[in-house]
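Peer 1:
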Amino acid sequence: MELVFGSALHLHRPSLFSFTSSPSSYACKLSSSWSLDRASSSCHLYPRLSSSSRRVVNPFVVAAAVSVKSAEKERFPADIEVTETKMPHSSVKLSVAVPPAVCQECYRKVLDEFSKQLKVPGFRPGKKIPENILLNYAGRENVQRATIEAILKKTLPKAVSSVQGRALADSVRITTKFSEMEDDFSQQDVFRYDVAADVAPEIKWLSENQYKNLKVVVEIDQIVTAENASERELRRRHKDLGSLRIITDRGLQVGDLVVLDIHAETFKQDGSESEKIPSAERKGFHLDTEETNNLLPGFLDAIIGIQQGETKSFILTFPESWEQENLRGVNAQFMVECKELFYRDLPELDDSLAEKLLAGCSTLDEVKQAILQRCREIEQTAIEQATDNAILEQLSKIVEVDVPRSLFEEQGRQLYGAKLMEMQAGRRINEDQLASLSSEKTVNEFLESQRENITAIIKQMLAVGEIFKCEGLQFSTDEVVNEVKKAVTEFEQHNQEYDEERIKEQVQDVLEGAKVLEWLRENLEIQYVYR
Numbered sequence: 019m020e021l022v023f024g025s026a027l028h029l030h031r032p033s034l035f036s037f038t039s040s041p042s043s044y045a046c047k048l049s050s051s052w053s054l055d056r057a058s059s060s061c062h063l064y065p066r067l068s069s070s071s072r073r074v075v076n077p078f079v080v081a082a083a084v085s086v087k088s089a090e091k092e093r094f095p096a097d098i099e100v101t102e103t104k105m106p107h108s109s110v111k112l113s114v115a116v117p118p119a120v121c122q123e124c125y126r127k128v129l130d131e132f133s134k135q136l137k138v139p140g141f142r143p144g145k146k147i148p149e150n151i152l153l154n155y156a157g158r159e160n161v162q163r164a165t166i167e168a169i170l171k172k173t174l175p176k177a178v179s180s181v182q183g184r185a186l187a188d189s190v191r192i193t194t195k196f197s198e199m200e201d202d203f204s205q206q207d208v209f210r211y212d213v214a215a216d217v218a219p220e221i222k223w224l225s226e227n228q229y230k231n232l233k234v235v236v237e238i239d240q241i242v243t244a245e246n247a248s249e250r251e252l253r254r255r256h257k258d259l260g261s262l263r264i265i266t267d268r269g270l271q272v273g274d275l276v277v278l279d280i281h282a283e284t285f286k287q288d289g290s291e292s293e294k295i296p297s298a299e300r301k302g303f304h305l306d307t308e309e310t311n312n313l314l315p316g317f318l319d320a321i322i323g324i325q326q327g328e329t330k331s332f333i334l335t336f337p338e339s340w341e342q343e344n345l346r347g348v349n350a351q352f353m354v355e356c357k358e359l360f361y362r363d364l365p366e367l368d369d370s371l372a373e374k375l376l377a378g379c380s381t382l383d384e385v386k387q388a389i390l391q392r393c394r395e396i397e398q399t400a401i402e403q404a405t406d407n408a409i410l411e412q413l414s415k416i417v418e419v420d421v422p423r424s425l426f427e428e429q430g431r432q433l434y435g436a437k438l439m440e441m442q443a444g445r446r447i448n449e450d451q452l453a454s455l456s457s458e459k460t461v462n463e464f465l466e467s468q469r470e471n472i473t474a475i476i477k478q479m480l481a482v483g484e485i486f487k488c489e490g491l492q493f494s495t496d497e498v499v500n501e502v503k504k505a506v507t508e509f510e511q512h513n514q515e516y517d518e519e520r521i522k523e524q525v526q527d528v529l530e531g532a533k534v535l536e537w538l539r540e541n542l543e544i545q546y547v548y549r
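Heads up: the sequence shown begins at 19 in my numbering, then just goes up one per residue.
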C-alpha cells in the first residue's frame, strides 16, 4: 500500500511492503515463475503474470521457480560453484560456474525431449533416434540454445539460493548476454554466467543521536488558513448561483469565463523545426479568470481583451517549477482561439440566499460560520500533512542509503503513474496525451529528472521502518482487521480481484508508518512558521 503522508508524498516499500491505495492500480507480485528473454541485450528474469504479458522467444523458454526448497531437491552430478561479489547500489553479483558433467546431463535430457516431440521420417514415435540424425533434423543451434536454457533452469535456483531472503522482489536478473553464452558454450568446458540481485539496503544514521533530537520547522502557506479558504469557498458558492451571459460588445476581462481552443508547440530561436506540446493543448477549454492557480504564468495576461472568434498568438516560457518536468524552461508558441465569452450576472449576497448557499442556514452569518468551521477542520488536516511532510524531509537528510536500482525504478514508476492518474482524473489530459506521456522515453526522462526526489522518498520509507523497529512500536490486531475489511470492501465494490493475505501485509505497513509519524510528532521539537 502506498503510505500517503501529505497531499503529494507517497511511500512505497520493497518486497512485502508493496501496496497501492486503490484497487484499480493494485498489482500483486506473487508469481515466483521467471522467464528468460533472449531477445534483450542481457538475460532478464521477470514475473510471469500472464501468458500474454511477454513474447515467447521459442518453444524452449525457461521457466525457473526459484526457491530454497527446489534448490535443495535438485540433484547434480557435480557441484556448481557460486562466487558472491558485493556491488554498488546495494546489489550483489553471483558468478556461476557449471561443471561439464552438469552440462552433459542437460544436453542428454534436451536430446531426449527433442526425440519425443519431433516426428522424424523413418522413425516410429518413441523409438530412439541416432544423435547425428536428430541434430541435423532439429538444427544444432536450436539444440545448443535449448541446452543452455536447460542448464540455466537447472542451476539458477541453486545459484540464487544464497541471496534468498535478502534479495528484493523481482530484482534477480542474469546479466550475461545470451549470445555470449552461445559463443562460449562447450559440453567439455565449464559453463559460466553472472547473476545480479538487489538486496535490502543498510541504513546509516548521519546524526550521532540518530532521529531523537531532530528539530523540524513546518512552513505553512497563508493560503491554507481557514479564514482565506472560507472566503474563497463563499465566493465559489455565490458564483454558482449566478447566470452566465454572453459577451458580444467587449473583450475578456478578469471575472469572465471563456471557452478556448489552445494549440501549443515549441519555439526555437535558431529556426529549427518546432514540435507539438500535446499536454498543453486543449479543445473547448473552460477558463474561469478568477481561478488561475494552475495556469501558466503570463497566459491570462496574454489573452486579456480577446473577443469571441478572435485568435491570439504569443510566446511564453514554462517556469523551472512547472509540474511537468520535460517542459521546464521550454519556450512555447501558443495559438489561442476564443470560442465563447461569458460574464456572470450575480444576485445580491444577503440573507435571502442563505438556504441556497448552504442547506439548513437561514442567514448569511450562519453560512459564513458553517463554512469557516469546515475550513478550520481542513486547515488542521493540512497542517498535520505539512508536519508529516516536514518530518519525513528531515529524516531523508539524516540517513545514508545506497539505494538499489530496482527499488529506485519501482518507486519512480509508481510516482509517475500516480501523477498521470491525477492529471487524467482532473481531465487535464486526454487519451492521446496520456499515451504520449506514457512512452518509455518520457518515463525514463522523469526518473532521471526526479532522481533526487525519488531517492529521498526511499530514504524516508526505510527510515520509518527502522524507527518502528528501534522504538518497539506496535499496532493492535483490531486495527489490522478493520483496515483489511475496508480494503476488501473497496476491491469488491470495484469488482477487482485481491489476495486478502497480501492486503493484510500491506495494511500492516500503512499502520506502521502511521505509528512512527505519531511517535515523531509527540517526541520531536516542531516549530510552525507562516509565510
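Heads up, the beta-carbon is just placed ideally off N, CA and C, and yes, glycines get one too.
1. Would you say Ile472 lies against chain E (beta-carbon separation less than 8 Å)?
2. Compute the beta-carbon to beta-carbon distance between Phe209 and Ile169, rounded to the nearest angstrom, for a pair I have assumed lies under 8 Å.
3. Buried or exposed for Glu543, going by 16 or more other Cβ atoms inside 10 Å?
4. Taking three-plus beta-carbon pairs below 8 Å as touching, is the region 485-505 in contact with the region 466-475?
5. Would you call Pro365 buried or exposed, if buried means 16 or more other Cβ atoms sit within 10 Å of its Cβ?
6. Kindly indicate which three-state DSSP category Ser414 falls into: helix, strand or coil?
7. How many angstroms separate the CA atom of Leu438 from the CA atom of Gly302?
8. Quick check: the Cα distance between Ile219 and Glu484, rounded to an integer number of angstroms?
9. Give the DSSP-derived three-state secondary structure of Phe317 in the structure shown.
10. Can you tell which of Val482, Glu249, Ser467 and Ile476 has the C-alpha that lies nearest to the C-alpha of Ile389?
11. Mapping the DSSP letters down to three states, classify Cys379 as helix, strand or coil.
12. Please name the residue, chosen from Asn160, Pro106, Asn154 and Ile192, that lies closest to Val114 on a Cα-to-Cα basis.
13. CB-CB under 7 Å to Val525, same chain, minus the five flanking residues each way: which ones, in chain order?
14. Of the choices Ile396, Asn513, Glu530 and Glu523, whose alpha-carbon is the least far from that of Thr243?
15. Starting from His281, trace the alpha helix (DSSP H) both ways and give me its first and last residue.
16. Could you give the C-beta distance for Leu305 and Ala320, rounded to a whole number, given that I count them as a contact under 8 Å?
17. In this structure, what does DSSP give as the bridge partners for Trp537?
18. For my contact list, Tyr229 and Leu413 are in at a C-beta cut-off of 8 Å; report their separation, rounded to the angstrom.
19. Here's a check: name, in chain order, each residue in its chain whose Cβ is nearer than 7 Å to the Cβ of Phe360, leaving out the five neighbours to either side.
20. Bridge partners of Tyr548, per DSSP?
21. To the nearest angstrom, how far is it from the Cα of Lys415 to the Cα of Asn231?
22. My assumption, with CB atoms under 8 Å, is that Ser189 sits in contact with Ala215. Please give the rounded CB distance.
23. Going by C-alpha distance, which of Ile322, Ile447, Lys330 and Lys233 is nearest Ser297?
24. Below 8 Å, how does it come out for the region 422-438 and the region 457-469: are there three or more Cβ pairs, yes or no?
25. Take the Cβ of Pro422 as the centre, count every other Cβ of all protein chains shown within 10 Å, and call the residue buried at 16 or more, exposed below.
Peer 2: Looking at the atomic coordinates:
1. This model lacks chain E altogether, as it is built from one protein chain only.
2. 6 Å
3. Exposed is the call here.
4. Verdict: no, contact absent.
5. exposed
6. helix
7. Answer to the nearest angstrom: the Cα atoms are 21 Å apart.
8. In the sequence under discussion, the amino acid at residue 219 is Pro, which differs from the Ile named in the question. If you take the alpha carbons of Pro219 and Glu484, they lie about 12 Å apart.
9. Assigned with DSSP and collapsed to three states, Phe317 falls in helix.
10. Glu249
11. coil
12. Checked all of Asn160, Pro106, Asn154 and Ile192; the closest Cα to Val114 is Ile192.
13. Met19, Val498, Glu501, Val502 and Ala505
14. Ile396
15. His281 -> not in any alpha helix (DSSP H); beta strand (DSSP E) instead, spanning Leu275 to Thr284.
16. That belief does not hold up - the Cβ atoms of Leu305 and Ala320 are roughly 12 Å apart, past 8 Å.
17. None, per the DSSP bridge assignment.
18. 7 Å
19. Leu262, Arg263, Ile264, Ile265, Asp274 and Leu275
20. Residue pairing from DSSP places Tyr548 in a beta bridge opposite Ile238.
21. Lys415 and Asn231: Cα-Cα distance of roughly 14 Å.
22. 6 Å
23. Ile447
24. yes
25. buried
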